[in-house]
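>
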Amino acid sequence: MSYDTNNIFAKILRGEIPCFKIYEDDYSLAFMDIMPQADGHALVIPKFAATTLLEIPADQLTHTMTTVQKVMAAQKSELGAEGVVLMQLNGEGAGQTVRHLHFHLIPAHLSQLKRHGAEQGDMEKIKALAAKIALAL
Ligand code: 5GP
114 MSYDTNNIFA KILRGEIPCF KIYEDDYSLA FMDIMPQADG HALVIPKFAA
164 TTLLEIPADQ LTHTMTTVQK VMAAQKSELG AEGVVLMQLN GEGAGQTVRH
214 LHFHLIPAHL SQLKRHGAEQ GDMEKIKALA AKIALAL
């Protein structure tokens with residue numbers, strides 16, 4: 114999969130389309146998934162232009178995973194999540210739909226997840242959950 118500079122997350126990174134941001138630093142951005150598989154479903158993306166895990170340098174990946182840890186801790190403390198599913202799809206063969214490396218953080222039990230990328234969530238609810246998670250970030 115070659116990197117497509119017009120993928121939706123590249124546009125979010127450039128500020129061309131909005132998102133419910135929960136955290137940002139020099140290397141990464143965290144925001145809410147608008148088709149959540151459970152309440153509080155968040156995404157962490159590197160600012161580095163990589164399509165899958167195979168294209169990101171180790172130092173950039175380390176920064177990104179540090180953000181993954183922060184967001185997961187915030188989901189636990191602010192939403193009272195008992196567990197968080199960390200999911201990351203590589204390539205269309207795995208079901209990846211957005212061609213910019215991203216990590217799904219889904220505060221739910223694996224058996225309770227809704228279908229992947231299937232249905233837009235309630236935007237007001239997503240916004241409120243974003244504000245809650247961001248309190249700890
Ligand atoms: P993938 O299938 O590539 O692993 O996951 C892409 C994720 O991006 C899906 O969970 C989908 O719900 C989410 N998504 C797709 N379009 C948008 C969008 O415009 N904004 C946000 N915040 N999430 C999106």
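Our numbering numbers the first residue of the sequence shown as 114 and each following residue consecutively. Note that the Cβ used here is the ideal one computed from N, Cα and C, for glycine as well.
#1: Give me the Cβ distance between Phe144 and Ala155, rounded to the nearest whole Å; I'm assuming they're in contact under 8 Å.
#2: Indicate the three-state DSSP secondary structure (helix, strand or coil) for Leu199 in the structure shown.
#3: In whole angstroms, give me the CA-to-CA distance for Val198 and Ser224.
#4: Could you tell me the alpha carbon to alpha carbon distance between Ile239 and Gly153, rounded to whole angstroms?
#5: DSSP state of His215, grouped into three classes?
#6: Give a yes or no on contact between the segment 165–180 and the segment 199–216, applying the rule of three or more CB pairs nearer than 8 Å.
#7: Look at the Cβ atom of Ala249, then the Cβ atom of Ala207, and state whether they are nearer than 8 Å.
#8: Does the pairing of the segment 117–132 with the segment 176–196 give three or more beta-carbon distances under 8 Å?
#9: Answer yes or no: the CB of Asp235 versus the heavy atoms of the ligand 5GP, is any distance below 7 Å?
#10: Would Thr175 be called buried (16 or more neighbouring beta carbons within 10 Å of its own) or exposed?
#11: The alpha helix (DSSP H) spanning Met236 covers which residue range?
#12: Is the beta carbon of Gln173 sitting closer than 8 Å to the one on Lys227?
In this structure, then:
#1: In the sequence shown, residue 144 corresponds to position 31, counting from 1. In the sequence shown, residue 155 corresponds to position 42, counting from 1. Confirmed, Cβ separation roughly 7 Å.
#2: Counted from its first residue, the sequence shown places residue 199 at position 86. The answer is strand: DSSP assigns Leu199 an E or B state.
#3: Translated into positions along the sequence shown, residue 198 becomes position 85. Translated into positions along the sequence shown, residue 224 becomes position 111. Between the C-alpha atoms of Val198 and Ser224 there is a straight-line separation of about 10 Å.
#4: By 1-based counting over the sequence shown, the position of residue 239 is 126. By 1-based counting over the sequence shown, the position of residue 153 is 40. Those two C-alpha atoms are separated by around 7 Å.
#5: One-based indexing of the sequence shown puts residue 215 at position 102. Coil, per DSSP.
#6: yes
#7: The sequence position of residue 249 within the sequence shown is 136, counting from 1. The sequence position of residue 207 within the sequence shown is 94, counting from 1. No, Cβ-Cβ distance for Ala249 and Ala207 is not below 8 Å.
#8: No, because fewer than three Cβ pairs between the segment 117–132 and the segment 176–196 fall closer than 8 Å, the two stretches do not touch.
#9: One-based indexing of the sequence shown puts residue 235 at position 122. No, Cβ of Asp235 sits at least 7 Å from all heavy atoms of the ligand 5GP.
#10: For the purposes of this step, residue 175 is taken as residue 62 along the sequence shown, with counting starting at 1. By the neighbour-count rule (16 or more Cβ atoms within 10 Å), Thr175 is not buried but exposed.
#11: Position 123 of the sequence shown, counted from the first residue, corresponds to residue 236. Where Met236 is concerned, the enclosing alpha helix (DSSP H) stretches over 236–247.
#12: Locating residue 173 in the sequence shown gives position 60, where the first residue counts as 1. Locating residue 227 in the sequence shown gives position 114, where the first residue counts as 1. No, the Cβ-Cβ distance between Gln173 and Lys227 is not below 8 Å.
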